[in-house]
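Asker:
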Amino acid sequence: MDHVTVRPAEPGELAAVAELRWRWILEGDDAAPAAMDREAFVRHFVAWAGQHASSHRCMVLVRGAEVIGMAWLAVVHRVPTPHAPDRSSGDLQCVYVVPEARDAGLGGRLITETLARAEELGLERVTVHSSNRAVPAYARLGFESSPRLLQAHVARTTPYP
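Each residue of the sequence shown is one higher than the last, beginning at 63 in our numbering.
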């Protein structure tokens, strides 16, 4: 396989990342009709990424000059304590590798590098909301269930879980 690198996304690559997100949704079996066309989505996505650059860091998987994977690290600032006045945690989001590059360990590299970025940022923990298919991969990379980390579904803005 050609040389593949994992690194933070550059601003000029966000349109390619948006295309990956578009492609991922189209792969879904239960894909609902899109709320906008592809070009409008790419513009919206790039603008959104720029507006949220301080809270959402994008890592990309690049082969040659082509972006073939992405992972987003959402950073959430936490309430200070007397023991830790500056606290943050992370949420791993939108991990995706193009189908033709899967099953070669590249997704694992992408996740590992994103977790290294989380460590550099001093995050207390990183969570992930995974598909059933990906749970074993996350477990191999150190993710584990926690009896104290709970969630409540309060609103749904899309037909996707």
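We treat Cβ as the ideally placed atom computed from N, Cα and C, and that holds for glycine.
Decide yes or no for the touch test of the segment 169-185 against the segment 115-123: beta carbon pairs closer than 8 angstroms, at least 3 of them.
Answerer: With the cut-off at 8 angstroms, the segment 169-185 and the segment 115-123 touch.
Asker: Within the same chain, show all residues whose beta-carbon is closer than 6 angstroms to that of Asp153, passing over the 5 residues directly before and after it, in chain order.
Answerer: One-based indexing of the sequence shown puts residue 153 at position 91. The residues are Ala136 and Thr189.
Asker: Less than 8 angstroms between C-beta atoms, sequence neighbours within five positions excluded: which residues of the same chain meet that for Leu211?
Answerer: On the sequence shown, position 149 is the one that residue 211 refers to. Correct list, in chain order: Thr189.
Asker: Rounding to the nearest angstrom, what Cα-Cα distance links Leu203 and Val104 in this structure?
Answerer: By one-based count along the sequence shown, residue 203 stands at place 141. By one-based count along the sequence shown, residue 104 stands at place 42. Whole-angstrom Cα-Cα distance: 31 angstroms.
Asker: My output table needs one value for Thr176: the three-state DSSP class, helix, strand or coil.
Answerer: Position 114 of the sequence shown, counted from the start, is the residue given in the question as residue 176. Thr176: helix per DSSP, three-state reduction.
Asker: I believe Val159 touches Gly169 by the beta-carbon criterion, under 8 angstroms. Please report the beta-carbon distance rounded to the nearest angstrom.
Answerer: Your numbering for residue 159 matches position 97 in the sequence shown. Your numbering for residue 169 matches position 107 in the sequence shown. Correct: roughly 5 angstroms between the Cβ atoms.
Asker: Using only alpha-carbon positions, find the residue among Ala199, Arg69 and His215 that is nearest to Gly126.
Answerer: The sequence position of residue 126 within the sequence shown is 64, counting from 1. Selected option, being the one with the closest Cα: Arg69.
Asker: Can you find the residues in the same chain that come closer than 7 angstroms, C-beta to C-beta, to Ala180, ignoring five residues on each side of it along the sequence?
Answerer: For the purposes of this step, residue 180 is taken as residue 118 along the sequence shown, with counting starting at 1. Correct list, in chain order: Leu135, Gly152 and Val188.
Asker: Could you round the C-beta distance between Ala133 and Val157 to whole angstroms and report it? I think they count as a contact, below 8 angstroms.
Answerer: For the purposes of this step, residue 133 is identified with residue 71 of the sequence shown, where counting begins at 1. For the purposes of this step, residue 157 is identified with residue 95 of the sequence shown, where counting begins at 1. That belief holds up - the Cβ atoms of Ala133 and Val157 are roughly 4 angstroms apart, short of 8 angstroms.
Asker: Select from Ala111, Gly90 and Trp84 the residue whose C-alpha is nearest the C-alpha of Met98.
Answerer: Within the sequence shown, the letter at position 36 stands for residue 98. Answer by Cα proximity: Trp84.
Asker: Go through its chain and collect everything with a Cβ distance to Gln155's Cβ below 7 angstroms, but skip five positions before and after it.
Answerer: Stepping through the sequence shown from its first residue, residue 155 is reached at position 93. These residues qualify, in order along the chain: Trp134 and Ala136.
Asker: Taking DSSP as the reference, what is the three-state secondary structure of Arg140?
Answerer: Mapped onto the sequence shown, residue 140 falls at position 78. Looking at Arg140 - three-state DSSP - the assignment turns out to be strand.
Asker: Where Ala77 and Gly112 are concerned, what is the direct C-alpha to C-alpha distance, given to the nearest angstrom?
Answerer: By one-based count along the sequence shown, residue 77 stands at place 15. By one-based count along the sequence shown, residue 112 stands at place 50. Ala77 and Gly112: Cα-Cα distance of roughly 11 angstroms.
Asker: Just list the residues that DSSP pairs Ser150 with in beta bridges.
Answerer: Within the sequence shown, numbered from 1, the residue matching residue 150 stands at position 88. Per DSSP, His139.
Asker: Compute the Euclidean distance between the alpha carbons of Pro147 and Ala163, then round it to the nearest angstrom.
Answerer: One-based indexing of the sequence shown puts residue 147 at position 85. One-based indexing of the sequence shown puts residue 163 at position 101. Their backbone Cα atoms lie some 42 angstroms apart in a straight line.
Asker: Among Gly184, Leu185, Glu206 and Glu182, which has the Cα closest to the Cα of His191?
Answerer: For this step, residue 191 is matched to residue 129 along the sequence shown. Cα-wise, what sits closest to His191 is Glu206.
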